[in-house]
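Position 213, counted from 1, in the sequence shown is what numbering that gives the first Met the number 0 calls 212; the numbers after and before it change by one each time, with no gaps. Note that the Cβ used here is the ideal one computed from N, Cα and C, for glycine as well. The structure displayed is predicted, hence computed values, not measured ones.
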Amino acid sequence: MTEKALARIPLISGNWKMNNTHLEAIQVVRKLCLLLAETEAKATMPMFESRPVQISIHPPFTALRSVQTILESEESDVILGAQNCYKEQKGAFTGEISPIMLEKLNVGLVILGHSERREIFGETDELVREKIDAIMPTSICPIVCVGETLDERQSGGWVSKISGQVEHAVKGLNRKFLPKLVIAYEPIWAIGTGLNASAEDAQEVAKLIRDCIGEIFSAGSSSDLARQVRIQYGGSVKPQTAGIILEQQDIDGLLVGGASLVPEEFAAIVNCARMAPNE
Ligand code: PGA
């Protein structure tokens with residue numbers, strides 16, 4: 000088995016964005032738990048070769064408590080995730096939500112620096128880093144999003160854009176936190192557009208991200224550290240495209256937007272991850 004198969008369990012995350020009231024969320028999660036249990040039972044039948052997969056869903060803040068209650072009552076392995084949080088633990092920050100508040104809801108993962116937060120709400124690399132610093136000492140793991148615009152892809156500027164975002168996110172970080180870091184490569188031009196990066200392009204960027212982390216932590220066991228970081232791909236992922244992307248050597252999961260709103264599609268994507276070859 001490759002080191003990928005041994006060390007990095009695939010993480011399939013559903014980013015619901017600003018969709019589903021808490022009442023709708025309850026229906027969606029119930030349905031999802033049912034479908035996941037069915038596909039898991041199938042995957043463990045002797046004629047199938049399956050591998051372990053971690054699953055997270057990231058509802059809006061207003062639905063977190065309801066979704067948490069259902070996941071717990073169903074004894075589901077699905078990890079509760081959030082879509083954002085602030086860099087401070089408490090105080091006069093009207094409208095913000097802190098890492099501690101999420102921790103108390105048993106949130107296990109939080110998306111930070113999604114391109115919609117960067118582009119629509121003006122989040123800078125510096126702010127994203129401050130949020131990473133606030134999350135790392137808690138029990139929550141960050142999914143840090145990086146990615147280029149179409150112009151940057153076409154002009155070749157993607158290399159410096161992505162390595163710059165990665166550097167801001169991790170340089171100077173205590174290396175003990177690296178194993179809990181997840182990076183999501185999400186080309187902005189592929190988000191919600193129906194356009195996919197090719198599996199080769201996604202792999203090329205995932206490798207760039209891993210190499211950057213290896214270089215930044217070049218002293219000591221640098222490459223071991225970089226090898227532990229999980230890298231997701233996101234951008235118009237569908238059940239039809241999930242398998243080939245997950246086969247790539249440096250890709251350890253998927254961040255799924257639109258398709259995660261449809262329980263059947265999300266469960267089918269999870270199934271692709273369970274069935275994907277280990278090599
Ligand atoms: P999409 O969104 O799957 O709808 O393209 C992905 C994301 O923004 O995380």
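Cβ separation of residue i and residue j, assumed to be a contact under 8 Å, to the nearest whole Å
i             : j              : result
serine 12     : leucine 254    : 5 Å
leucine 108   : isoleucine 139 : 7 Å
threonine 137 : proline 98     : 5 Å
lysine 16     : glycine 256    : 6 Å
Any non-hydrogen atom of the ligand PGA within 7 Å of residue i CB
i              : result
alanine 189    : yes
serine 235     : yes
asparagine 270 : no
valine 255     : yes
glutamate 214  : no
asparagine 19  : no
alanine 266    : no
asparagine 83  : no
alanine 24     : no
alanine 196    : no
asparagine 14  : yes
alanine 258    : yes
histidine 113  : yes
Same chain, Cβ closer than 6 Å to residue i, five either side skipped, listed in chain order
i              : result
isoleucine 231 : In the sequence as presented, isoleucine is not what sits at residue 231; that position holds glutamine. Excluding positions up to five away in sequence, the list reads Ala183, Gly252, Leu253 and Leu254.
asparagine 18  : Leu260
glutamine 82   : His57 and Ile110
histidine 113  : Cys144
Identified DSSP bridge partners for residue i
i             : result
tyrosine 232  : Tyr184 and Leu253
valine 143    : Leu111 and Ile182
isoleucine 96 : Note: isoleucine 96 sits in no beta bridge, so no partner.
Residues of its chain near residue i, where Cβ-Cβ distance is below 8 Å and the 5 sequence neighbours each way are ignored
i           : result
arginine 64 : His21 and Leu104
Cut-off 7 Å between Cβ atoms - residues of its own chain near residue i, not counting five sequence neighbours on either side
i              : result
isoleucine 215 : Glu166, Val169 and Lys170
proline 186    : Gly146, Glu147, Arg152, Ala196 and Gly234
proline 262    : Val27, Lys30, Leu31 and Leu34
arginine 174   : Phe216 and Leu224
alanine 266    : Leu31, Leu34, Leu35 and Thr38
lysine 160     : Glu147 and Glu151
Near the ligand ADP: residue i beta-carbon under 7 Å from a heavy atom
i             : result
glutamate 185 : As far as ligands go, the structure on display features the ligand PGA and does not contain the ligand ADP.
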